[in-house]
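Below you'll find the structure, written out as structure tokens, and then a few comments.
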Amino acid sequence: MTYSAEVALALLLIIPMIAAGLIALVRKNPNIREAVSLIAGFALLANVIYLVKMVASGARPELYLGRFAGSFEIKFLLEPLGAVFAAIASSLWILNTLFAIGYMRGNKEKNQTRFYTFVAIAIAGAMGIAASGNLITLFVFYEALTLSTFPLVTHKGDAKAKRGGTIYALVLMGTSLGLLLPAIIATQVFAGTTDFQVGGVFPEGTGTLAVSVLLFLFAFGIGKAALMPVHAWLPNAMVAPTPVSALLHAVAVVKAGVFSMLKVVVYTFGPVLAAGSSMSTILSWVAAISIVLASIIAMRQDNLKARLAYSTVSQLSYVTLGAMLAAPMALVGGALQIIMHAWGKITLFMCAGAIYTIAHRTEISKLNGLGRTMPFVFGAFLIGSLSIIGVPPMGGSWPKFFLMAGALDSGKGILLAALIVSSVLNVLYLIPISIRGFLRPPDNPEKDAHIAEERKLHRWVIIPPVLTALGALILFFFAGDMSNFLTPMLPDGAL
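In this text, residue positions in the sequence shown follow the working numbering: the first is 16, and each later residue adds one.
So, in structure tokens, the structure goes:
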């Protein structure tokens, strides 16, 4: 079989699913199990790079997978936005696996084979979403991603994990089946297709009321985007081990949500139709309120992972805001936010996991002086924080610039206030963590004396966040290339 675009698209699913099967088979040998995860990650990334190069050259690889219920097709069609999401998920799968090796072993977590198996299946789900050629395909893999991550959220198996998992499943399945699926069916009725097309699929003359109702259904039906008030699943999912939190908040689930939101606006409604709807204005304000309110809630959290979870709710709404503004600069800004937030937020979660593994601390109020004995971890946390805040030369500064420009272009400059207030609040709830670590004296120096030795034993929870922090910095210098890669998703192909 020759290596072609069709084969490469099929391998997006085949590689992680074969990995999942092999991991289960070699469960009695942890070293081989984890080697399978890493090898699969590198193989998937190489395959994605091949596809990204094709998309960059103007090709749109396509693969027909099947048909059901008469006219509903399952098919892949990779375009710039999907290629970006696939690149994020495949590259961070490798680094998250390296971190998971250190974390799961360091904390003697049970059911590690089950963990690696379902992570691989979740990555397959993310790849299916990235390459989806229509709304039906996206929905199938969207649901597969929810089901495959449920065992990860409930990994610990205690009452708290079961409660968090129940909320996770109820919110995500409830919104997708109750809102997203009806929206997809209605799209088929009004447009005669669910295919993704540049400029949208709705014919001229589609009623404004129909457009507004559908936009509402999609916005809240895509629960993984965590737009308030359908965000409760996200902080409740923090009961999972930290590698799962990193996977949920940076690699797969939340990025699948905001990716789907952006893709629906760009390729189903089309920016012109979406921007002309009164519902897009209402949802822009909902996103702006979510940005600010979630940041305020984050400030009140002493648990480090809880603070980062509400931070994620806020940061995801940047993408929704960009989608609802629907101006070219705002849409590209939303896509850049998917990239930059992924690298910045996975850094923060990995650092939280490293702190827990090495120092056994989960509360921010108990981190005083730890930066002196864990300088690489707290240094990486500071870099990741600066990227989330949007301080140049960090990658996270570009999305805010594009989104601000998009708000002005769309005539909704007042929404700049949400981005500015959010940046200030980001400083207030993230920077004090690094200040505590580096500048405050330890609360109990004698008790902390063992941390330096513990640090030497757990290098695999330290190296990955350092690498992702460097990624958050390096990406700043490639924003131009990324925006050029993404502009073909716009109807006129230019900013």
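C-beta: ideal position from N, C-alpha, C; glycine also.
Q. CA-CA distance, Leu-488 and Phe-165?
A. On the sequence shown, position 473 is the one that residue 488 refers to. On the sequence shown, position 150 is the one that residue 165 refers to. Leu-488 and Phe-165 have their C-alpha atoms some 33 Å from each other.
**Q.** Other residues of its chain near Leu-288: CB distance less than 8 Å, five sequence neighbours each side excluded
**A.** One-based indexing of the sequence shown puts residue 288 at position 273. The residues are Gly-215, Phe-217, Thr-221 and Val-226.
Q.
Considering just the uninterrupted stretch of the beta strand (DSSP E) at Tyr-79, what are its terminal residues?
A. Numbered from 1 along the sequence shown, position 64 holds the residue referred to as residue 79. Residues 77-83.
**Q.** Simplified DSSP assignment, three categories, for Leu-418
**A.** For the purposes of this step, residue 418 is taken as residue 403 along the sequence shown, with counting starting at 1. Looking at Leu-418 - three-state DSSP - the assignment turns out to be helix.
Q: Give me the Cα-Cα distance between Ser-402 and Arg-470, rounded to the nearest whole angstrom.
A: To locate residue 402, count along the sequence shown from 1; it is residue 387. To locate residue 470, count along the sequence shown from 1; it is residue 455. Distance from the CA atom of Ser-402 to the CA atom of Arg-470, rounded to whole angstroms, is 25 Å.
(Q) Which same chain residues end up closer than 7 Å to Ala-102 when comparing Cβ atoms and leaving out the 5 residues on each side of it in sequence? (A) Translated into the one-based positions of the sequence shown, residue 102 becomes position 87. Hits under 7 Å: Val-63 and Val-67.
Q | Reduced DSSP secondary structure (H/G/I, E/B, other) of Leu-262 | A | On the sequence shown, position 247 is the one that residue 262 refers to. Three-state DSSP puts Leu-262 in a helix.
Q) To which residues of the same chain is Gly-180 closer than 7 Å at the C-beta, ignoring the five residues directly before and after it? A) Residue mapping note: residue 180 aligns to position 165 of the sequence shown, counting from 1. Taken in chain order, the residues that qualify are Phe-165, Val-168 and Thr-169.
Q. Whose C-beta lies closer than 7 Å to the C-beta of Ile-448 among residues of the same chain, with five residues either side of it excluded?
A. Here residue 448 refers to the residue found at position 433 when the sequence shown is read from its first residue. Taken in chain order, the residues that qualify are Ile-379, Leu-382 and Phe-396.
(Q) Tell me which residue opens and which closes the beta strand (DSSP E) that Lys-90 is part of. (A) As a position in the sequence shown, residue 90 is number 75, starting the count at 1. Per DSSP, Lys-90 belongs to the beta strand (DSSP E) from 87-92.
Q. Contact check, Gly-452 vs Gly-386 under 8 Å by CB: the rounded distance?
A. Here residue 452 refers to the residue found at position 437 of the sequence shown. Here residue 386 refers to the residue found at position 371 of the sequence shown. Gly-452 to Gly-386, Cβ: 3 Å. Contact.
Q) Less than 9 Å separating the beta-carbons of Asn-149 and Phe-211? A) Start at 1 with the first residue of the sequence shown, and residue 149 comes out as number 134. Start at 1 with the first residue of the sequence shown, and residue 211 comes out as number 196. Their beta carbons are under 9 Å apart, which means Asn-149 touches Phe-211 by this criterion.
**Q.** Separation of Leu-93 from Arg-75, as counted between CA atoms
**A.** Within the sequence shown, the letter at position 60 stands for residue 75. Within the sequence shown, the letter at position 78 stands for residue 93. In a straight line, the C-alpha of Arg-75 is about 6 Å away from that of Leu-93.
Q. Skipping 5 residues on each side, what residues in its chain have a beta carbon closer than 7 Å to that of Ala-139?
A. As a first step, residue 139 must be located in the sequence shown, where it is residue number 124. Cβ neighbours of Ala-139 beyond the five flanking positions: Leu-28, Pro-31 and Met-32.
Q | 4-residue-minimum alpha helix (DSSP H) runs that sit fully inside the region 140-202, ordered along the chain | A | Every alpha helix (DSSP H) stretch that sits fully inside the region 140-202 and reaches 4 residues is listed by chain position as 150-168 and 174-190.
Q. Are the CB atoms of Ile-526 and Val-22 nearer to each other than 9 Å?
A. No answer is possible for residue 526: it lies beyond the span of the chain, which begins at 16 and ends at 510.
(Q) Taking DSSP's pairing of strands, which residues face Asn-318 in a bridge? (A) Indexing the sequence shown from 1 puts residue 318 at position 303. Asn-318 pairs with Glu-378.
Q) Would you call Arg-322 buried or exposed, if buried means 16 or more other Cβ atoms sit within 10 Å of its Cβ? A) As a working note, residue 322 is residue 307 in the sequence shown. Under this definition Arg-322 is a buried residue.
Q: Compare the beta carbon distance of Leu-232 and Ala-198 with 9 Å and say whether it is the shorter of the two.
A: Numbered from 1 along the sequence shown, position 217 holds the residue referred to as residue 232. Numbered from 1 along the sequence shown, position 183 holds the residue referred to as residue 198. The answer is yes: Cβ separation under 9 Å.
Q.
Along the chain, where does the alpha helix (DSSP H) containing Leu-430 start, and where does it finish?
A. Position 415 of the sequence shown, counting from 1, holds the residue named residue 430. Unbroken run through Leu-430: none, as it is neither H nor E.
(Q) For the region 326-336 against the region 234-245, do three or more pairs of beta-carbon atoms, one drawn from each stretch, fall closer than 8 Å, so that the two count as touching? (A) yes
(Q) Out of Ser-310, Ile-435, Leu-431 and Met-389, which one is the CA nearest neighbour of Leu-454? (A) Here residue 454 is taken as the residue at index 439 of the sequence shown, counted from 1. Minimum Cα distance to Leu-454 is reached at Met-389.
Q) Cβ atoms of Gly-143 and Thr-190: under 9 Å apart, would you say? A) Stepping through the sequence shown from its first residue, residue 190 is reached at position 175. Stepping through the sequence shown from its first residue, residue 143 is reached at position 128. Cβ distance not < 9 Å, so Thr-190 and Gly-143 don't count as in contact.
Q. To which residues of the same chain is Asn-459 closer than 7 Å at the C-beta, ignoring the five residues directly before and after it?
A. Within the sequence shown, numbered from 1, the residue matching residue 459 stands at position 444. Correct list: empty, nothing qualifies.
**Q.** Length of the line joining the Cα atoms of Tyr-444 and Asn-318
**A.** On the sequence shown, position 429 is the one that residue 444 refers to. On the sequence shown, position 303 is the one that residue 318 refers to. Roughly 12 Å separates the two Cα atoms.
Q. What is the rounded straight-line gap between the Cα of Tyr-79 and the Cα of Gly-337?
A. For this step, residue 79 is matched to residue 64 along the sequence shown. For this step, residue 337 is matched to residue 322 along the sequence shown. Approximately 31 Å, taken between the alpha carbons.
Q. Are Ala-55 and Ala-135 touching if we call contact CB-CB under 9 Å?
A. Residue numbering aside, residue 55 sits at position 40 when the sequence shown is read from its first letter. Residue numbering aside, residue 135 sits at position 120 when the sequence shown is read from its first letter. Yes.
Q: Using the Cα positions of Ala-206 and Ala-369, report the straight-line distance between them to the nearest angstrom.
A: Counted from its first residue, the sequence shown places residue 206 at position 191. Counted from its first residue, the sequence shown places residue 369 at position 354. So the alpha carbons of these two residues sit roughly 50 Å apart.
Q) Hey, out of Thr-335, Gly-486 and Ala-374, whose CA is closest to Ser-106's CA? A) Numbered from its first residue, the sequence shown carries residue 106 at position 91. Checking every option, the nearest Cα to that of Ser-106 belongs to Gly-486.
Q. Taking buried to mean at least 16 other C-beta atoms within 10 Å of its own C-beta, is Gly-405 buried or exposed?
A. By 1-based counting over the sequence shown, the position of residue 405 is 390. Result: buried.
Q | Unbroken alpha helix (DSSP H) run spanning Glu-21, endpoints | A | What you label residue 21 is simply residue 6 of the sequence shown in a count that begins at 1. From DSSP, the alpha helix (DSSP H) with Glu-21 extends over 20-40.
Q) Which parts of the region 279-340 are runs of the beta strand (DSSP E), unbroken and 3 residues or longer, counting only runs that do not cross its ends? A) none
Q.
For Ser-293 and Ala-432, I'd like the C-alpha separation in whole angstroms.
A. Within the sequence shown, the letter at position 278 stands for residue 293. Within the sequence shown, the letter at position 417 stands for residue 432. Roughly 20 Å separates the two Cα atoms.
Q. For the region 339-349 against the region 420-438, are there 3 or more C-beta pairs whose distance is under 8 Å?
A. yes
Q | Alpha-carbon spacing of Leu-482 relative to Trp-475, whole angstroms | A | Residue mapping note: residue 482 aligns to position 467 of the sequence shown, counting from 1. Residue mapping note: residue 475 aligns to position 460 of the sequence shown, counting from 1. Each residue's Cα considered, the two are about 11 Å apart.
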